[in-house]
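In what follows, a structure is listed as structure tokens, so that the remarks can point back to it.
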Amino acid sequence: MSNQLSNRINSLPISETLAMAAKARELKAQGKDIISLSLGEPNFNTPDFIKDAAIQAIHDNYSSYSPVDGYLDLKQ
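The opening residue of the sequence shown carries number 12 in our numbering; numbering runs sequentially from there.
Structural data, given as structure tokens:
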């Protein structure tokens with residue numbers, strides 16, 4: 012079995028997010044002071060209060076999509 016990708020897949024352009032991350036790495040390698048905001052890769056653990064809230068939301072069956080227009084209490 013071959014693991015070759017189709018021509019259509021191979022012709023897709025690089026992701027803009029990955030391109031920005033590569034550029035940030037390149038500039039850092041040149042010694043430039045870069046703060047890269049291209050990828051969501053936090054260098055810290057999730058705070059306990061967020062983990063606890065996520066666990067509670069699961070227990071409360073609060074796991075569906077939010078309303079399209081958002082939650083009123085968060086918009087005020």
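Built from N, CA and C at the ideal position, the CB exists for glycine as well. For clarity, every value in this text was computed on a predicted model and none was experimentally measured.
Which of helix, strand or coil does DSSP assign to residue i?
i	result
residue 72	coil
residue 43	coil
residue 67	helix
residue 80	coil
residue 57	coil
residue 52	coil
Pick out whichever of the options has its Cα sitting closest to the Cα of residue i.
i	options	result
residue 52	42, 40, 77 and 28	28
Less than 7 Å between the C-beta atoms of residue i and residue j, yes or no?
i	j	result
residue 33	residue 47	no
residue 49	residue 31	yes
Can you find the residues in the same chain that come closer than 8 Å, C-beta to C-beta, to residue i, ignoring five residues on each side of it along the sequence?
i	result
residue 43	none
Between which residues of its own chain and residue i is the CB-CB distance below 7 Å, once the five residues before and five after are set aside?
i	result
residue 39	45
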